[in-house]
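Engineer: Read in the UniProt record's numbering, the sequence shown has 36 at position 36, and its numbers run on one by one without any break. Just dropping this structure here.
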Amino acid sequence: MELSLRWLGLIGLLGLLALVTPACEAKTPEVQPTPTPTPAPAPTPLTPKPGRLVDAKGQVSVLIPEQPGWECLEEAHGQQQATAVALRCRRQDRHEFLFLSAKASRQPPEQRTDAQTVLMSLYRADNEAFFQRVEYLDDHAATVAGAQGWEAELVAEHARLGSIRKRERLAIIGDRLFAISAEGAPEQWAAHEAEIERWFATVEFAH
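Next up, the structure:
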């Protein structure tokens, strides 16, 4: 369940301006135009390296799992500046439910907030809507792409998938959201725990 950028979005603005200027009062001060902010420079794209998978635009780079039985792919949603890019690696055997993900996306101006709020309010609401039961085991500050972010780990129950363990870490830099996650059956998590730790430690984002 990803992050295809779906939640949020309620902002209303009501403005009222009343100006009363008597006929022969002092001159109305000249209003200076607000300068257009200079756009932030585009990040330098990441380049392919041996043993790593990089998305087509060079936004995300991950280490390909060393153990056999993994397949990795790229997913993209949206267009131009709103594009969200994810690299995912999953177990090829459909009976071994476990996947790793790294995603870069943008937050619309009206939806921008901090990493802890995104993870513990927005993503939490998504998890609680998708699973029949959710228990958060831990959440704490974490670093992603050199920025202060937030991390959480949970266990959950799904009617079809059964017991699930999930770990999510994310940070926000400007209008860009970077997220790393792992999700799967507890027995697969235990079997590939070293690979999960390696994934979280080595994901790179262009920023």
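Beta carbons are placed, not taken as given, at the ideal position from N, Cα and C, and that holds for glycine.
Alpha carbons only, please: which of Ile196, Ala179 and Gly174 is nearest the one belonging to Ala42?
Structural biologist: Of Ile196, Ala179 and Gly174, the residue nearest in Cα terms is Gly174.
Engineer: Within the same chain, show all residues whose beta-carbon is closer than 6 Å to that of Leu100, passing over the 5 residues directly before and after it, in chain order.
Structural biologist: Cys89, Ala182 and Trp199, listed in sequence order.
Engineer: Spatial neighbours of Ser61 within its chain, please: CB distance less than 6 Å, with the 5 preceding and 5 following residues excluded, ordered by chain position.
Structural biologist: These residues qualify, in order along the chain: Leu46, Arg52, Val54 and Glu204.
Engineer: Have a look at the DSSP bridge pairing and note the partners of residue 209.
Structural biologist: Look at the range of the chain in this structure, 1 to 207, and you will see that residue 209 is not part of it.
Engineer: Exposed or buried, which one is Ala84 when buried takes at least 16 other CB atoms within 10 Å?
Structural biologist: By the 10 Å Cβ count, Ala84 comes out buried.
Engineer: Taking C-alpha atoms, which residue in Arg169, Glu195, Gln188 and Ala194 lies nearest to Ala115?
Structural biologist: Ranking the options by Cα distance to Ala115, first place goes to Arg169.
Engineer: Counting only the same chain and skipping the five closest in sequence on each side, list residues whose C-beta sits under 8 Å from that of Ala76.
Structural biologist: Only Asp55, Ala56, Thr83, Ala84, Val85 and Ala86 meet the Cβ criterion.
Engineer: Which ranges does the beta strand (DSSP E) cover as unbroken runs of at least 3 residues, wholly within the region 56 to 90, from first to last along the chain?
Structural biologist: You should have 60 to 63 and 70 to 77.
Engineer: Measuring CB to CB, does Tyr136 end up less than 8 Å from Leu161?
Structural biologist: Not in contact: Tyr136 and Leu161 (Cβ atoms no closer than 8 Å).
Engineer: In whole angstroms, what separates the C-alpha of Asp126 from that of Glu157?
Structural biologist: Rounded to whole angstroms, Asp126 to Glu157 spans 14 Å at the Cα level.
Engineer: For Ala147, which residues in the same chain have their Cβ closer than 6 Å to its Cβ, ignoring the five residues on either side in sequence?
Structural biologist: Once the five neighbours on either side are set aside, the close Cβ partners of Ala147 are Ala171 and Ile173.
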